[in-house]
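Respectively, the protein sequence lines represent chains Z and H.
For any residue, its number in this note's numbering is found by taking its place in the first sequence, counting from 1, and adding 362.
For any residue, its number in this note's numbering is found by taking its place in the second sequence, counting from 1, and adding 82.
Glycine is no exception: its CB is placed at the ideal position from the N, C-alpha and C atoms.
Reading through the structure tokens given below for one structure.
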Amino acid sequence: SQQGEEDPQALSIQEGENATMNCSYKTSINNLQWYRQNSGRGLVHLILIRSNEREKHSGRLRVTLDTSKKSSSLLITASRAADTASYFCATAADYKLSFGAGTTVTVRA
Amino acid sequence: GAVVSQHPSWVICKSGTSVKIECRSLDFQATTMFWYRQFPKQSLMLMATSNEGSKATYEQGVEKDKFLINHASLTLSTLTVTSAHPEDSSFYICSARGGSPGLLNEKLFFGSGTQLSVL
Chain Z
363 SQQGEEDPQA LSIQEGENAT MNCSYKTSIN NLQWYRQNSG RGLVHLILIR
413 SNEREKHSGR LRVTLDTSKK SSSLLITASR AADTASYFCA TAADYKLSFG
463 AGTTVTVRA
Chain H
83 GAVVSQHPSW VICKSGTSVK IECRSLDFQA TTMFWYRQFP KQSLMLMATS
133 NEGSKATYEQ GVEKDKFLIN HASLTLSTLT VTSAHPEDSS FYICSARGGS
183 PGLLNEKLFF GSGTQLSVL
């Protein structure tokens, strides 16, 4: 079942700008993960944040988690054309992952 | 990172035939494998979860007799779409993880997906 809802559905930015996308979910979670998907390909894991963590960094990625609001955000700083992809949040509960609808990010050179 | 190989990448078949998709973990033991289905520009819908040596657990609304899942070894799971019809055309993706079944504070490793087109 799909639990996460992502916002915006699509995002177009200029290279060098930051991209921010949000994910909201409905039930309690063990952790929340962000994945990236290039068109017609599988998903690549970006970052995992546990339910007792509030913020996490990995390279140009910054993820926040607010369990009281049941929401998370993914920030990509200094975007590059190669960051063009769909980004999905996934919530872990009941021993499985449920994916959000995704945000399609287009980075213009 | 760990590698999951999914084969074939794409397949075209006639209506009524069966298609088998393989998912292999190349450098780790996949205690749990998941099969997802994805329609264009949409999210991944979990179809079933399989633990090695056990029967797959199907999500509500997924026909177990139509989508046969076998996870006979720690490195291989297969999804067979039986008597395929045009409405089964979709992008199918497998994912795998190691560790104890049921433990979920871990990331998943995904195959590259299989585009199935049923004529």
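Proximal chain H residues relative to residue i, where beta-carbon distance stays under 8 Å
i        : result
Z/Arg403 : Ser194 and Gly195
Z/Lys458 : Phe116, Leu128, Thr131 and Leu186
Nearest to residue i (by Cα), restricted to the options the options
i        : options                                   : result
H/Lys137 : H/Met115, H/Lys189, H/Gln111 and H/Leu126 : H/Met115
Z/Ser433 : Z/Ala381, Z/Thr468, Z/Gly462 and Z/Tyr457 : Z/Gly462
H/Cys95  : H/Leu190, H/Ser194 and H/His167           : H/His167
Z/Asp369 : Z/Tyr449, Z/Arg470 and Z/Ala455           : Z/Tyr449
H/Ala84  : H/Ser159, H/Gln111, H/Asn133 and H/Val101 : H/Gln111
H/Ala130 : H/Ser194, H/Leu198, H/Tyr174 and H/Phe191 : H/Tyr174
H/Ser132 : H/Thr196, H/Leu161 and H/Trp92            : H/Leu161
Z/Arg422 : Z/Gln371, Z/Ile409 and Z/Cys451           : Z/Ile409
Z/Glu377 : Z/Ile438, Z/Cys385, Z/Glu415 and Z/Asn400 : Z/Ile438
Inter-residue Cα distance where the pair is residue i and residue j
i        : j        : result
H/Asp34  : H/Thr164 : Here chain H covers residues 83 to 201 and nothing more, so residue 34 of chain H does not appear.
Z/Thr446 : Z/Thr468 : 5 Å
Z/Ser363 : H/Arg106 : With a pLDDT of 46 at Z/Ser363, under the threshold of 50, the modelled position of this residue cannot be trusted; read the value that follows with caution. Whole-angstrom Cα-Cα distance: 25 Å.
Z/Leu405 : Z/Thr453 : 15 Å
H/Leu198 : H/Leu156 : 25 Å
Z/Ala471 : Z/Arg442 : 8 Å
H/Asp109 : Z/Ser390 : 33 Å
Z/Leu459 : Z/Cys451 : 10 Å
Z/Glu415 : Z/Leu427 : 7 Å
Z/Asp456 : H/Cys176 : 19 Å
Partners in chain H for residue i, counting only beta-carbon separations shorter than 7 Å
i        : result
Z/Gly462 : Ser125
Z/Gln395 : Lys189
Listed by chain order, chain H residues near residue i by CB distance under 9 Å
i        : result
Z/His407 : Gly83, Lys189, Leu190, Phe191 and Phe192
Residues near residue i by beta carbon distance below 6 Å, same chain, minus five either side
i        : result
H/Asp170 : Val163 and Val200
Z/Arg412 : Asn393
Partner residues on chain Z for residue i, Cβ-Cβ distance less than 8 Å
i        : result
H/Ile175 : Gly404 and Leu405
Cutoff 7 Å; reference residue i; Cβ partners in own chain excluding five residues on either side
i        : result
H/Thr238 : The displayed coordinates of chain H run from 83 to 201. Any statement about residue 238 of chain H would go beyond what the structure contains.
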